[in-house]
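Residue numbers (my numbering): 548 to 712.
Positions of the beta carbon are idealized from the N, C-alpha and C atoms, including for glycine.
Note that the structure is predicted; figures quoted are calculated from it, not measured.
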């Protein structure tokens, strides 16, 4: 008996969406060195005036800034993956510390919708069967609009391949 290999599916769209990173790890180190240096210099000026406890509060301020940046960097590790083939649209969203969320939608019946495309909060949704999946919450309105157009073009191409005669 001869087993047939499954046919390769054409991937019309494959994107991994990640939040914009405005500060690189090296730049973060530089910013923190500047913050610590400024806090230390300001603390020394208070120590020279006899206010010894103030230097500890400057240290706490620097530590609070460090924790705020680390918390912000953690949210930058999320990603959404969108893959469109003739058969289905695969969605996968991963956030640190949470289980990944996935969905598979049929390409033929899924619609892309963008509410309020020119301003925040704009919402990019994939609608199928009375359910909507919101994607790209971290994208700018212009990026959402571009993503919508690219996904609609890919869905149109996928549908044309599937239903061509």
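Secondary structure of residue i, DSSP reduced to three states
i	result
residue 692	helix
residue 673	strand
residue 708	helix
residue 628	strand
residue 599	coil
Spatial distance of residue i from residue j (CA atoms)
i	j	result
residue 562	residue 611	36 Å
residue 560	residue 636	9 Å
residue 647	residue 628	11 Å
residue 682	residue 607	38 Å
residue 624	residue 595	43 Å
residue 675	residue 570	37 Å
residue 658	residue 567	26 Å
residue 616	residue 693	29 Å
CB of residue i within 7 Å of CB of residue j, strictly
i	j	result
residue 661	residue 652	no
residue 590	residue 602	yes
residue 654	residue 639	no
Closer than 6 Å: residue i CB and nearest the ligand GTP heavy atom
i	result
residue 650	As far as ligands go, the structure on display features none, and thus does not contain the ligand GTP.
Beta bridge counterpart(s) of residue i as assigned by DSSP
i	result
residue 638	629 and 650
residue 658	674
residue 685	The partner list for residue 685 (beta bridge, DSSP) is empty, contrary to what the question assumes.
Contact with chain D by residue i, beta-carbon distance below 7 Å
i	result
residue 689	Absent from the structure is chain D; it holds one protein chain and no more.
Q) Are the segment 578-590 and the segment 599-617 in contact at 8 Å, needing three or more beta carbon pairs? A) yes
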